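Protein chains: 2
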Amino acid sequence: MFDKEVYIARRQTLVSLMAATAPEGKRGIAAFLGNVDAPAQYKANGYKFRQDSTWLYYFGIAEPRFAAILDLDAGTATLYSDDYEIDDIIWTGPMPSVASLAERVGIAASAPYAAFDEAVMAAQVQERPVHIIPPSRYYNTLKMKTLGLTEPSVALIRAIVSMRLVKEDREIALLDAACDLGQQMHAIGRDAIRVGVVEQDIVGRMEGFALAKGWGVSFPTILTQHGEIFHNHSHDCIIEPGRLMVIDAGVESNEGYASDFTRSYPTSGRFTPKQRDIYTLVYECNEAAFAMIRPGVAYRDVHLSVARRMLEGLKAIGLVEGDVDEMVAAGVAGLFMPHGLGHNMGLDVHDMEDLGEDLVGYGDDQKRSSQLGLGSLRMARRLVPGNVITDEPGIYFIPALIEKWKADGTNAAFVRFDRLKDYYDFGGIRLEDDVLVTADGARRLGPNRLPIAPDDVEAAMKH
Amino acid sequence: MFDKEVYIARRQTLVSLMAATAPEGKRGIAAFLGNVDAPAQYKANGYKFRQDSTWLYYFGIAEPRFAAILDLDAGTATLYSDDYEIDDIIWTGPMPSVASLAERVGIAASAPYAAFDEAVMAAQVQERPVHIIPPSRYYNTLKMKTLGLTEPSVALIRAIVSMRLVKEDREIALLDAACDLGQQMHAIGRDAIRVGVVEQDIVGRMEGFALAKGWGVSFPTILTQHGEIFHNHSHDCIIEPGRLMVIDAGVESNEGYASDFTRSYPTSGRFTPKQRDIYTLVYECNEAAFAMIRPGVAYRDVHLSVARRMLEGLKAIGLVEGDVDEMVAAGVAGLFMPHGLGHNMGLDVHDMEDLGEDLVGYGDDQKRSSQLGLGSLRMARRLVPGNVITDEPGIYFIPALIEKWKADGTNAAFVRFDRLKDYYDFGGIRLEDDVLVTADGARRLGPNRLPIAPDDVEAAMKH
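Chains A and B, in that order, give the protein sequences. Counting in my numbering, the first sequence runs from 1 upward without gaps. Counting in my numbering, the second sequence runs from 1001 upward without gaps.
What follows is the structure, given as structure tokens:
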């Protein structure tokens, strides 16, 4: 938790941003819910508690079952939760009072949890606007629905996004620390790659480190010899020789900040020539993207530059043919990289995703593409200092997708489907770093960049 | 997943148990929901998927977003889920078709996920009874609520409980395997206890093992020098000399079966005389309980016998005084052990808790006590072969509770509040094994019982 002044200042900024929505006296309230415990099995057997990120940003308290209301006219805040009784103390130990927790984050007024509902209903009776953000957890969806609150406030979302998109120095320090942990965890994973080992064994080692040093992993670990499946969470395969292993994983720090790195390794310790060609191309794309990142550049343009670079390389290898400009325009790169170049990262690994991908990642002057790949780009905005984004190009050979394009005749003039046949068992490669936009350029987060150049990767592997 | 015959037989048994609820043609349907992914941050960033236990028992498929309907009149089953489309294949890989998954668990009919809602509504229009169990997950609560299904069926719950309470041999084998993993994980924890180490560090090592070899931990690990706080999940303390460390933790196997063990260790490697006295008493209670476990004995009576044994010991130490029978009747043991002696264990670590603690743990002839301790007993039933229960006595010194009893004058004739002052910084001790009720007695689950006798514990610690 930061000093109370941080939360006071953030809430003040939010209130002043919301002042534009209506004249004084007509602005209403902003109602926020923290998370409750999420059941894994039965209700009392929860997953490890994770607080809502927007809640953490404005209210700091990382305990379940809190709510708050910001009065946008009066500028005051009220914190809602229940003080512990003797049964709670027996089962979960003593807790500071709600009033004292409120004080720690600079809130003068507190009340029982049930009073949140009453305050919302009172505002509704008075016909004051009630601004909410989209709930991520189903418990909060239920609760908001019961209160008749089903429409998120675009004004509130825009105000929050404008603040959380630009990381404060204190947040950057925590992101650097989370990236440090993420890089250490990746080294553990890399060092454990051995032919014959079950993937789950490596995942356990990595996630154990994440739990020992941080909150845990910032998202379910992707560790797979089927890199062509982006979010592959089954880990029952045994490591085979000659394959490529994609590890996409990050640590969330105890303070709630994410890291997110991807590296791709030859399971036998050395790339085959075919693997090295594709790997080198992805590596060059990663470096090219980083070199472009600076304030004023739209990340959508960086994505498109990478697509161009990728198509040039694939043309040299002989997997596509024709005019590169035309291929970029036609979206041919989407066959090989059907995802975006990167996303915002902060308290969420895809920062603020539930506030609406377009409101978070697209400026008012930008429209989301419908093309495969570019259409999945979560961050298109013109960059400003303090943005934290991922740089994660990848090349994949997805048999089902290639077969579909071939059958549909999609971009048949450019794609050498005949040659792609030889890549159906290739898998995929992705290389991801976390990048801070600085005043005059960019800096990769974390103290020790994971080895990425092909020779460095081979040298780093323990074989 | 077991062979399809297992699921077919279980569903047939369930249908025949439900036959008693109404004449043929009037029995209606039983509607089951599997789990969907549980969001940790935003919706697409979920916790590790965990299937609903009742779903696993009758339908076996450990994938998100499945539903099923058992027609209790026709005796037929239908499985509901959506086949993957190209986007799903890109992001999460190929999946067998819903029809082929249905076939694997012996179900002939399948339909899209949305057809589940239609089938429920059709049954409602026909005024057929729709039996459901209480949803554990809030997503399922929302879904059932939308369908107007808010009242769980006691008949269905009773039928399910009667089956799941008595473990099949194939389940016992999996519970033994989960207990093997749980015992290995405990050994890792024990070996890592060192003065100066942060508790979180040990938790990470243990949970990493659970993830490497099983699904993960079967409940959030309790590892604390404040054993007097039962469900203490903060791990930011540094291990201090001369304290007691309670480790209550278990592994869930990849097949979904739980283990649950507790041991208590002297942080310096040797018990102080004061610690050894209390420890020895808890150890004797654990052994005494196990010696009583056999078919025909009510576990409520085992709890009460342990309470008696505990009070005799505490009287010898001088912390209570008076007639032991009177103390048992007055519930004096609840001050020291404000929880029950044990609970059922199976696919859930507190097996079936969300089906209703009393329906699961209490026979028709048993009433739940309102006394502290006995009132928290989750398993009171007369034991039958195939029951799997925990044996977990504990003694704690909870300052807030002792002060409350003192202030209220609760059992003032028996409790030596003056002497308890010396135990306010003692913490707590709990010792837990998992026990199978056999044809003629009991067997502890897991191949290697964790050291428990005081000398054995000291000998096992690496110092």
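Glycine is no exception: its CB is placed at the ideal position from the N, C-alpha and C atoms. Remember, it's a predicted structure, so these values are computed and weren't measured experimentally.
Listed in chain order, the beta strand (DSSP E) elements of length 3 or more contained wholly in the segment 1049 to 1116 of chain B are 1067 to 1071, 1077 to 1080, 1109 to 1111.
Per DSSP, Thr1146(B) is one residue of the alpha helix (DSSP H) stretching across 1138 to 1146.
Collapsing the DSSP output to three states places Gly1208(B) in a helix. Separation of Leu1401(B) and Tyr1279(B) (C-alpha to C-alpha, rounded to the nearest whole angstrom) is 21 Å. Near chain A, meaning a CB-to-CB distance below 7 Å, the residues of the segment 1229 to 1256 of chain B are Ile1229, Phe1230, His1231, Asn1232.
Cα atoms of Leu101(A) and Val36(A): separation of roughly 17 Å, rounded to the nearest angstrom. When only Cα atoms are considered, His1231(B) and Val1246(B) end up about 11 Å apart. Non-local C-beta neighbours of Arg1368(B) in its own chain, meaning closer than 7 Å and more than five positions away in sequence, comprise Asp1358, Tyr1362, Gly1375, ordered along the chain. A Cβ of chain A is located within less than 9 Å of the beta carbon of Ala1212(B). Per DSSP, Met337(A) lies in no alpha helix (DSSP H) segment and is marked neither H nor E. For chain A, the residues of the segment 1388 to 1422 of chain B that bring a beta carbon within less than 8 Å of one of its beta carbons are Ile1398, Ala1400, Leu1401, Lys1404, in chain order. At least one beta carbon of chain B lies nearer than 9 Å to the beta carbon of Glu353(A). Put simply, the CB of Met1206(B) is near chain A, with a gap under 9 Å to one of its CB atoms. The beta carbons of Tyr1057(B) and Ala1067(B) sit no closer together than 9 Å.
With respect to the 9 Å criterion, Thr92(A) and Val195(A) are not classified as neighbours on the basis of their beta carbons. Close partners of Asp1348(B) in chain A (Cβ separation under 9 Å): Gln41, Tyr42, Asn45. Between the segment 7 to 22 of chain A and the segment 70 to 78 of chain A there are three or more C-beta pairs closer than 8 Å, enough to call the two in contact.
With a threshold of 9 Å between beta carbons, Lys167(A) makes no contact with chain B. In the structure shown, the three-state DSSP call for Thr1262(B) is strand.
Residues Leu1079, Val1098, Ala1099, Ala1102 of the same chain have their beta carbon placed closer than 6 Å to that of Ser1110(B), with the five preceding and five following residues left out of the count.
Sorting Lys404(A), Val360(A), Gln366(A) by C-alpha distance to the C-alpha of Asn387(A) places Val360(A) at the top.
Residues of chain A with a Cβ closer than 9 Å to the Cβ of Ser1053(B) are, in chain order, Gln41, Tyr42. Per DSSP, Pro1273(B) has no beta bridge partner at all. In the three-state reduction of the DSSP assignment, Val1036(B) falls in the coil class.
By the Cβ-count criterion, Ile229(A) is buried, with 16 or more other Cβ atoms from all chains shown falling within 10 Å of its own Cβ. With respect to the 9 Å criterion, Ala1333(B) and Leu1311(B) are classified as neighbours on the basis of their beta carbons. In this structure, Tyr1047(B) is the residue among Ala1291(B), Tyr1047(B), Lys1043(B), Gln1126(B) with its C-alpha nearest to the C-alpha of Pro39(A). For Phe1002(B), the closest Cβ of chain A is not nearer than 9 Å. Taken atom to atom, the span from the alpha-carbon of Leu431(A) to that of Ile317(A) is near 19 Å.
Using beta-carbon distances, Gln1200(B) counts as an interface residue toward chain A, with a partner under 9 Å. Interface criterion met: the Cβ of Tyr1138(B) is under 9 Å from a Cβ in chain A. Judged by DSSP secondary structure, Val15(A) falls within the alpha helix (DSSP H) whose first and last residues are 4 to 18. A distance below 6 Å between beta-carbons, with the five flanking residues on each side excluded, links Tyr1396(B) to the following residues of its chain, in chain order: Glu1228, Gly1428.
For the segment 1082 to 1116 of chain B, the beta-carbon criterion of a distance under 8 Å to any beta-carbon of chain A is satisfied by Ile1086, Ile1089, Ile1090, Trp1091, Thr1092, Gly1093, Pro1094.
Taking a Cβ-Cβ threshold of 8 Å, none of the residues of chain A is close to Val1360(B); the smallest such distance is about 10 Å. Straight across, the Cα-Cα distance linking Lys1404(B) with Asp83(A) is about 17 Å.
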